[in-house]
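> Below you'll find the structure I mean.
Here is the structure:
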């Protein structure tokens, strides 16, 4: 298995568990319990029952006719935006809350950038009656106000991270500090395929329901299980991991990852990790990250809070390093253009994170008979303020294009 995790938590040379001594016991407890509990028939039964009856899975696989015509391929959108809470994040939080329950944890902490993981964590904590504390960068609290309101309505405590760039990286730092101080009664629900082993593997497996459904749905629609290409945006990379999981070893399926170029890759205001980054350690795992020559984190930038992260999951680092995946980077403006295009051609308003994946359609050519699956990881409700703010410029751009 060239692209899957090994028993030490490595994807090739990336992964592992680089953790302070205070976290060794809770990480070891999690690793041992996860491997046993997740295989139990009763656990799997409850997990899939909640995905069906609470989340609303399977999410549709929708052939987007207008975008397909424009870009000369058969473009299918995996509609994770139609899940309860509006994104793919709920798949993982349900798996982890069931695990935490069985481990006897009464207190749940999480980090969030765009707020979708925070909302999903607050949702499952409300469902299971557990205390919920969500760490979120102060900058993200301001730009993702609708999701902050949702978390609070669901009963979560939202704690601002005021250090560094006051975004996702800093929220993760605060959550780790909390866990170090409260190791016995607390479970940390990490929202992406990042962090020390077993988190990248665990989150990917809980999200793999996405690719499992894609196989089933393509079989029903086209009498084939595999697309020619899968496209997903990537910050940490949980939606990409989920959409690609069952195709990792099938090299006939091309994998396309799209990062946030921010104001431009060479602008000094970017989050294009795989292009600008080097090997290093962040938040407990060896991966690719943006850093100075002496190992200090370079602050990332993206208009999208969910992609505003200086690292990438070790699975994706390995896919990129081994040339298994293609990588593109989309600027803020390219993502905005793609969001408006989907809204007006298909009547679907995507999350700003997803818009980066959509932007690759104008950057890469496809054959007419290519089956392309794009993971529509979230809906755009939370980003409406950003979209509306940029709408006058967009309308002006459209007018000049039509003249």
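Residue numbers (the numbering used here): 2 to 404.
Virtual Cβ for every residue (Gly too), placed ideally from N, Cα, C.
Under a Cβ-count criterion, where at least 16 other Cβ atoms within 10 Å of its own Cβ denotes burial, should residue 382 be classed as buried or exposed?
When all chains shown are included, residue 382 counts as exposed.
> What first and last residue would you give for the beta strand (DSSP E) that runs through residue 80?
Counting along the chain, the beta strand (DSSP E) containing residue 80 begins and ends at 75–80.
> Under 7 Å Cβ to Cβ from residue 107, same chain only, skipping five residues before and after it: list those, please.
131, 132, 186, listed in sequence order.
> Taking 7 Å as the cut-off, decide whether the C-beta atoms of residue 105 and residue 152 are in contact.
No.
> My assumption, with CB atoms under 8 Å, is that residue 10 sits in contact with residue 319. Please give the rounded CB distance.
No, residue 10 and residue 319 are not in contact; Cβ-Cβ is about 12 Å, not under 8 Å.
> Among the residues of its own chain, which have a CB less than 6 Å from the CB of residue 307, if the five just before and after it don't count?
Within the same chain, residue 307 has close Cβ partners 114, 115, 236, 354.
> Which value, in whole angstroms, describes the spacing of the CA atoms of residue 336 and residue 92?
Rounded to whole angstroms, residue 336 to residue 92 spans 25 Å at the Cα level.
> Are residue 283 and residue 290 closer than 7 Å when you measure CB to CB?
Their beta carbons are under 7 Å apart, which means residue 283 touches residue 290 by this criterion.
> Looking at residue 62 and the ligand MG, is the gap between the Cβ and the nearest heavy atom below 6 Å?
By its list of ligands, the structure shown contains no ligand whatsoever, and the ligand MG lies outside what it can speak to.
> Please go through the same chain and pick out, in chain order, the residues whose beta-carbon is closer than 6 Å to the beta-carbon of residue 140, but skip the five residues on each side of it.
Taken in chain order, the residues that qualify are 167, 168.
> For residue 136, which of helix, strand or coil comes out of DSSP?
If DSSP states are grouped into helix, strand and coil, residue 136 belongs with the strands.
> Spatial neighbours of residue 263 within its chain, please: CB distance less than 8 Å, with the 5 preceding and 5 following residues excluded, ordered by chain position.
270, 271, 272, 273, 301, 302, 303, 304, 332, 333.
> Check for me: the beta strand (DSSP E) holding residue 194 runs from which residue to which?
From DSSP, residue 194 is part of no beta strand (DSSP E); its letter is neither H nor E.
> Tell me whether residue 16 is buried or exposed, calling it buried when 16 or more other Cβ atoms sit within 10 Å of its Cβ.
Its Cβ being crowded by 16 or more others within 10 Å, residue 16 is buried.
> Write down every uninterrupted run of the beta strand (DSSP E) in the stretch 289–369 whose length is 3 residues or greater and which is fully enclosed by it, in chain order.
Fully enclosed beta strand (DSSP E) runs of 3 or longer: 326–332.
> Grab me the residues of residue 240's own chain with a C-beta within less than 6 Å of its C-beta, minus the 5 sequence neighbours each way, in chain order.
Correct list, in chain order: 89, 233, 376, 378.
> Does DSSP put residue 84 in a helix, a strand or coil?
DSSP places residue 84 in coil when its eight states are reduced to three.
> Ends of the beta strand (DSSP E) at residue 375?
Its beta strand (DSSP E) spans residues 372–377.
> Quick one: what's got a C-beta closer than 6 Å to residue 127's C-beta in the same chain, skipping five residues either side?
155, 156.
> Out of curiosity, what's the CA-to-CA distance linking residue 123 and residue 357?
Distance between the alpha carbons of residue 123 and residue 357: 26 Å.
> Give the single residue among 171, 68, 99, 292 whose Cα lies nearest to the Cα of residue 366.
That would be 68, whose Cα lies nearest to the Cα of residue 366.
> Residue range of the alpha helix (DSSP H) that residue 119 falls in?
It spans 117–129 - the alpha helix (DSSP H) in which residue 119 sits, taken as one unbroken run.
> Helix or strand or just coil, what does DSSP make of residue 284?
Residue 284 falls in the coil class under three-state DSSP.
> Which residue spans inside the stretch 226–289 form an unbroken beta strand (DSSP E) run of at least 3?
DSSP runs (the beta strand (DSSP E)) wholly in the stretch 226–289: 230–234, 255–263, 279–283.
> Is it true that the CB of residue 184 sits closer than 7 Å to the CB of residue 27?
Closer than 7 Å, so yes.
> Find out if the Cβ-Cβ distance for the pair residue 286, residue 321 is shorter than 7 Å.
It is not a contact, given that the beta carbons lie outside the stated cut-off.
> Looking only at its chain, what residues have a beta carbon closer than 6 Å to the beta carbon of residue 77, apart from the 5 residues adjacent to it on each side?
Contacts found: 62, 64, 374.
> Report yes if the C-beta distance between residue 136 and residue 176 is below 7 Å; otherwise report no.
In contact: residue 136 and residue 176 (Cβ atoms closer than 7 Å).
> With C-beta atoms as the reference, is residue 75 less than 7 Å away from residue 259?
Contact flag unset, no.
> Within the 7 Å Cβ cut-off, does residue 84 reach chain D?
The question asks about chain D, but that chain is absent: this structure has only one protein chain.
> Return yes when the Cβ of residue 171 is within less than 7 Å of the Cβ of residue 138, no when it is not.
Cβ distance < 7 Å, so residue 138 and residue 171 count as in contact.
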